[in-house]
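> Numbering (my numbering), first residue to last: 21 to 210. All C-beta atoms, glycine included, are put in the ideal place defined by N, C-alpha and C. All of these numbers come straight from a predicted model, not from anything done at the bench. Just dropping this structure here.
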């Protein structure tokens, strides 16, 4: 067995070590997930209401047109997109979200479970069935806060002390009980 030792030095002038949750909005001691909802009008109102009553969610935008939501995604930089499966061309919309914003989690919201397999294939962090109850929405938010950041396989993140997602070019490591985010470009050899 080879014992490898290395020293990781971060250049604080480029970017300090940032705890994973610090990229999320903070309100007192609570973490606020920056959320976007893309859904039809009726369900949109229900999800907006649920998000508004959850202290850990900051609903930054909502769209009934998935293409409009996709066009605004990069500027809004959400932590999570609640995406309805009951909209046209949803497969390509979900894939475009993953490609253009790999650090954004997707939670599918559906009228039935027919889309669950596709959601699993796309590494969606959760799958909500309509009508979404307050209890189920809170469970989803808890999962988002626990695993946070990006379209990564949550089970793998849970099982490992670190996770590197090549698409997002971010390194998540657990250190002294906290998950921290390190950008690979901020690591240099000494």
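(1) Figure out for me which residue from 88, 125, 64 has the closest Cα to the Cα of residue 161.
(2) Roughly how many angstroms separate the alpha carbons of residue 107 and residue 84, rounded to a whole number?
(3) Using the beta-carbon count (16 or more within 10 Å), is residue 102 buried or exposed?
(4) My guess is that residue 157 and residue 70 are in contact by the Cβ rule of under 8 Å, so how many angstroms apart are they, rounded?
(5) Secondary structure at residue 158, three-state DSSP: helix, strand or coil?
(6) Restricting to Cα atoms, I'd like to know which of 142, 96, 166, 53 is closest to residue 112.
(7) Please check if any C-beta of chain C sits within less than 8 Å of the C-beta of residue 108.
By the coordinates alone:
(1) Numbered from 1 along the chain shown, position 141 holds the residue referred to as residue 161. Among 88, 125, 64, the Cα nearest to that of residue 161 belongs to 125.
(2) By one-based count along the chain shown, residue 107 stands at place 87. By one-based count along the chain shown, residue 84 stands at place 64. When rounded, the distance between both Cα atoms is 9 Å.
(3) Numbered from 1 along the chain shown, position 82 holds the residue referred to as residue 102. Buried.
(4) Position 137 of the chain shown holds residue 157. Position 50 of the chain shown holds residue 70. Between residue 70 and residue 157 the Cβ distance is about 4 Å, and since that is below 8 Å, they are a contact.
(5) Taking the first residue of the chain shown as position 1, residue 158 is located at position 138. Helix at residue 158.
(6) Residue mapping note: residue 112 aligns to position 92 of the chain shown, counting from 1. If we check each option's Cα against that of residue 112, 142 comes out closest.
(7) Looking for chain C here will not work: only one protein chain is present.
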